[in-house]
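Numbering-wise (the numbering used here), the sequence shown opens with residue 55 and increments by one.
Using N, Cα and C, we set each Cβ at its ideal position, and we do this for glycine too.
Have a look at the structure below, then the notes.
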Amino acid sequence: RFIGFSMAKKALTDDELPRFEDIHHVGTVVAILKMAKTAENKAQLLLQGISRFEITELVEGKPYLRAKVETLADKEAKGLKIEALMANLVNLFDRVVKLSPFLPQEFGIMATTIKDPGALADVIATLINADADEKQKALEILDVRKRLEQVTRVVSHQLEILELGNKIQTQVKDDLDKGQREYYLRQQLNAIKQELGEADDESKVEIEEYRKKIEEIGLPDEARKEAERELSRLSRMHPSSAEFTVASTYLDWMTTLPWNTSTTDNLDIKKARKVLDDDHYGLEKAKKRVIEYLSVRKLKPDTKGPILCFAGPPGTGKTSLGTSIARSLGRKFIRISLGGVRDEAEIRGHRRTYIGALPGRIIQGLRRAESNNPVFMLDEIDKLGMDFRGDPSSALLEVLDPEQNFSFSDHYLDVPFDLSHVMFITTANILDTIPPALRDRLEVIELPGYTLDEKVKIAQRYLIPRQIEANGLQPKQLTITKGALQTIISGYTREAGVRNLEREIANICRGIASEVAVGDIESASIGTKDLHKYLGPVRITSEEKARVSKPGVAMGLAWTPTGGELLFIEATNMRGNKGLTLTGQLGDVMKESATAALSFIRSNAKELGINNDFFDTMDIHIHVPAGSIQKDGPSAGVTILTALTSLLTGRPIKQDLAMTGEITLRGVVLPVGGIKEKVLAAHRAGIRTIILPKWNMKDIEDIPEKTRNEITFHFVDEMMDVLKIALKKK
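The following block contains the structure:
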């Protein structure tokens with residue numbers, strides 16, 4: 055059960071037989087104490103070294119290699135030096151055992167019990183975590199003294215590695231408490247530098263940079279004093295203190311804001327007009343106001359910026375108009391959305407006493423713009439939140455007032471900043487939710503919505519080219535006819551703006567893109583008949599189908615946040631006793647209009663050709679269809695009165711006729727709002743005759759001329775005049 059082991063000098067494959075020069079010639083004779091098979095073709099052996107041998111010649115043998123060998127014996131060594139070497143080696147090995155987590159502590163005790171110097175060197179060389187070549191060297195040394203010296207060198211090297219590793223581990227452990235340790239070291243370093251008369255170079259450079267910036271940018275007096283005071287505090291602080299970061303951040307803001315930096319306005323009025331016309335079709339009132347501002351600016355450069363408010367339904371181009379204004383002026387454009395903002399600090403900033411304090415959005419926007427005269431758009435100003443957490447609309451009172459905002463004070467900066475050069479533009483869908491004090495500061499420009507012709511032009515100029523590009527098509531690959539566009543507008547969308555129109559055009563573009571990608575077609579022309587394939591059936595039926603030439607049915611006009619709508623009023627009577635029923639989710643004001651209309655008819659029954667006691671023997675029911683939608687307001691009074699009169703006199707109302715107006719008990723027709731939206735809605739539905747209050751005649755100027763010319767308007771101030779125009783003969 056004896057076998058010889060010798061190390062190969064290089065890695066050998068399983069099939070490769072080693073040559074004489076491929077192996078170390080000194081090896082170990084071992085006895086096999088135990089063998090266990092761990093896997094196929096693999097075994098684990100427990101061996102005991104017996105003695106050294108030297109290979110003199112390799113002899114071919116099967117199934118394993120054979121060799122002629124000479125047994126090597128240790129050269130005996132005794133004396134004081136050997137004992138000293140042994141004691142030193144045992145001591146070193148004991149320290150290695152204590153530092154090494156992989157060696158059991160018993161090995162150190164075991165080494166002290168070995169009295170033979172050669173055996174001691176061999177055992178320690180076996181246990182130590184050293185390189186195989188180092189161990190081979192120890193194996194080849196027959197002189198015991200030299201072998202002890204060789205093993206001592208190897209153990210000393212291993213001990214150095216372990217001690218260094220232990221030191222690194224201790225340092226890592228100490229770094230866990232880095233905060234206190236670093237502070238202590240910094241304090242020591244600071245004391246040493248003070249003794250040597252040296253200052254902290256980095257902080258000194260930073261402070262000098264701030265001082266240079268403060269002098270160069272030309273801060274206003276108050277801002278300069280505050281910046282210098284903060285810089286003085288900063289110079290006395292240590293860089294490791296928390297206050298140092300707060301002060302340096304404040305100085306960063308003070309020195310990067312555009313106190314005196316502004317862009318030059320483009321005062322070429324014709325060029326500005328061209329930019330506005332290129333970007334937007336229609337919107338004449340808004341464009342006119344911008345051109346007026348530019349003209350005044352050209353004549354009087356120091357004029358204060360206006361506070362415009364673009365109010366109108368969604369999708370009418372309010373936000374994009376702000377971008378065009380900035381482009382026409384040659385100014386930077388900054389937009390912040392105020393929807394859902396509830397914290398007043400969003401506008402005015404946080405005080406520096408708070409951790410992580412920042413200036414408000416106004417100052418942040420100016421820093422991004424790097425100019426003190428950008429076009430600043432405050433989007434969705436009607437959706438500001440107001441509750442117990444704060445009222446940001448009150449913070450905007452100073453911002454949006456040209457008489458005050460030249461000294462706007464942000465809580466973080468705590469010094470006045472001049473906002474009078476900024477051109478503020480706000481947008482809103484509904485003006486009612488804006489607080490009165492804030493609304494008073496705004497110059498409201500209504501963007502009521504687009505006519506059918508305007509939508510067609512917008513689609514042809516902007517929407518179709520944009521969607522063709524967005525969906526990877528070429529301009530020649532898709533054309534949409536004017537008739538198809540009109541059908542999309544009237545049959546698939548119901549809106550004042552053009553957002554849904556663009557979505558439907560995008561649907562068509564995607565459909566064409568998929569066919570082009572597959573290779574079915576190369577290009578397409580979409581006509582009215584092709585819309586069903588890409589958009590499905592027509593979703594919005596024309597109001598004409600709802601018109602019934604029957605007594606008791608009248609057509610009114612209503613205003614909604616998304617534009618005007620047609621409103622049908624139906625009235626019927628039945629046997630009863632003075633009952634009036636109102637249905638259709640009507641608000642209190644609308645119910646009162648119905649009651650006033652009935653009272654007017656009863657008081658003027660004889661003049662209208664109705665029996666005076668008609669109400670004694672009947673119940674009247676007034677219904678407004680679309681019962682799931684809440685309706686309110688006084689402008690349906692004229693329509694309700696006309697529907698009731700038509701019912702009670704048996705005279706139907708003329709076809710293609712719509713009306714709006716508030717009534718009084720005396721039969722006077724009072725003015726109402728939203729005339730442009732209502733007229734545009736009637737025109738979209740094909741109505742060609744409209745009855746309006748006489749006092750609303752001034753509002754007709756806002757309606758596009760083409761639409762105005764296609765409709766016959768009747769202006770009335772008495773209810774009797776309405777009935778003469780609206781009712782057919784029996």
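**OP:** Alpha carbon to alpha carbon, how far is Arg406 from Arg265? Give it in angstroms, no decimals.
**Re:** 21 angstroms
Original post:
Residues in its own chain within less than 7 angstroms of Pro274 by CB, not counting five upstream and five downstream?
Top reply: Trp313
**OP:** For the alpha helix (DSSP H) containing Gly419, list its first residue and its last residue.
**Re:** Arg415 to Ala423
Subject >> alpha helix (DSSP H) runs wholly inside the region 521-578, at least 4 long, in chain order >> reply: 536-545 and 553-572
**OP:** Determine the contact status of Val205 and Glu130, defining contact as a CB-CB distance below 9 angstroms.
**Re:** no
**OP:** Please state if the CB of Ala482 and the CB of Cys363 are separated by a distance shorter than 9 angstroms.
**Re:** yes
Original post:
Based on the DSSP output, what are the partners of Val429 in its beta bridges?
Top reply: Phe387 and Met477
Original post:
In three-state DSSP terms, what is Val722?
Top reply: strand
Original post:
Quick one: what does DSSP say Met628 is sitting in, helix, strand or coil?
Top reply: strand
Subject >> Environment of Asp670 [buried if 16+ CB atoms lie within 10 Å] >> reply: exposed
Original post:
Taking C-alpha atoms, which residue in Pro758, Lys783 and Ile754 lies nearest to Phe769?
Top reply: Ile754
Original post:
Does the distance from the C-beta atom of Ala85 to that of Ile104 stay below 9 angstroms?
Top reply: yes
**OP:** Return helix, strand or coil for Ala651, following the three-state DSSP convention.
**Re:** helix
**OP:** Go ahead and pull the three-state DSSP assignment for Thr303.
**Re:** helix
Original post:
Among Pro725, Ile757, Lys760 and Leu174, which one has its Cα closest to the Cα of Met773?
Top reply: Pro725
Original post:
Which residue from His292, Arg283, Ile271 and Ser210 puts its Cα closest to that of Gln242?
Top reply: His292
Subject >> Per-residue DSSP class, three states only, for Leu702 >> reply: helix
Subject >> Per-residue burial, Tyr408 [other beta carbons within 10 Å of its own, 16 or more giving buried] >> reply: exposed
Original post:
Would you call Tyr237 buried or exposed, if buried means 16 or more other Cβ atoms sit within 10 Å of its Cβ?
Top reply: exposed
Subject >> Three-pair Cβ contact test at 8 angstroms for the region 658-674 versus the region 603-616 >> reply: no
Subject >> Cβ-based burial, Gly638 [other Cβ within 10 Å; buried from 16] >> reply: buried
**OP:** My understanding is that Thr541 touches Thr582, with C-beta atoms under 8 angstroms, so please give their C-beta distance in whole angstroms.
**Re:** 5 angstroms
**OP:** From the DSSP output, in three-state form, read off Phe156 for me.
**Re:** coil
**OP:** Answer yes if the region 551-562 comes into contact with the region 501-520, meaning at least three C-beta pairs across the two stretches below 8 angstroms, and no otherwise.
**Re:** yes
Original post:
CB-CB under 7 angstroms to Val329, same chain, minus the five flanking residues each way: which ones, in chain order?
Top reply: Ser378, Arg381 and Ser382
Original post:
How would you call Asn183, buried or exposed, if buried means at least 16 neighbouring beta carbons within 10 angstroms?
Top reply: exposed
Original post:
For Leu698, which residues of its own chain have a beta-carbon under 6 angstroms away from its beta-carbon, when the five flanking residues on both sides are left out?
Top reply: Ala625, Ala651 and Ile655
Original post:
With distances taken from CA atoms, which of Gly691, Glu457, Ser425 and Ile401 is nearest His465?
Top reply: Ile401
**OP:** Select from Thr82, Met431 and Gly219 the residue whose C-alpha is nearest the C-alpha of Met477.
**Re:** Met431
**OP:** Indicate whether Pro470 and Glu276 have their beta-carbon atoms separated by less than 9 angstroms.
**Re:** yes
Original post:
In terms of alpha-carbon separation, which member of Val208, Asp322, Glu424 and Lys267 lies closest to Ile388?
Top reply: Glu424
**OP:** Would you list the residues sitting across from Met89 in a DSSP beta bridge?
**Re:** Leu99
Subject >> Cross-strand partners of Gly369 (DSSP beta bridge) >> reply: Its beta-bridge partners do not exist; DSSP assigns none.
Subject >> Leu695 versus Val259, Pro605, Arg629 and Asn750, residue with shortest Cα-Cα distance >> reply: Pro605
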